[in-house]
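Below is one structure; the comments refer to it alone.
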Amino acid sequence: MSSLLTRPEAAAYLRWSIRQIDAKAAAGEIPKVKLGRSVRFRKEDLDAYIERHLPEGGDE
378 MSSLLTRPEA
388 AAYLRWSIRQ
398 IDAKAAAGEI
408 PKVKLGRSVR
418 FRKEDLDAYI
428 ERHLPEGGDE
């Protein structure tokens, strides 16, 4: 079963503000899970977002 995070937990995980999490979710950039009036985020979706936005290649 996937790990569901609250808005504050998701914000802390990504080191963003709750406002940033809400904006990305509203824009459809990060999927959200609605549970009644609550919103949750799957950790796997947050990890996928990070992977999609990592810089490619580069010299190490």
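In the working numbering, each number is its position in the sequence shown, counted from 1, plus 377. Note that beta-carbon positions come from the ideal geometry of N, C-alpha and C, so glycine has one too. Treat the numbers as computed from the prediction; the structure is a model and nothing was measured.
9 Å Cβ cutoff met for residue i and residue j
i	j	result
Leu381	Arg419	yes
Gly403	Ser394	With the sequence shown as reference, residue 403 is identified as Ala, and Gly is not the correct amino acid for it. For Ala403 and Ser394, no; Cβs fall outside 9 Å.
Lys409	Tyr426	no
Reduced DSSP secondary structure (H/G/I, E/B, other) of residue i
i	result
Leu431	coil
Arg384	helix
Closest by C-alpha distance to residue i, when choosing among the options
i	options	result
Thr383	Arg396, Glu433, Glu428 and Arg417	Arg417
Ser415	Asp399, Ser379 and Glu433	Asp399
Asp424	Gly413, Pro385 and Ile407	Ile407
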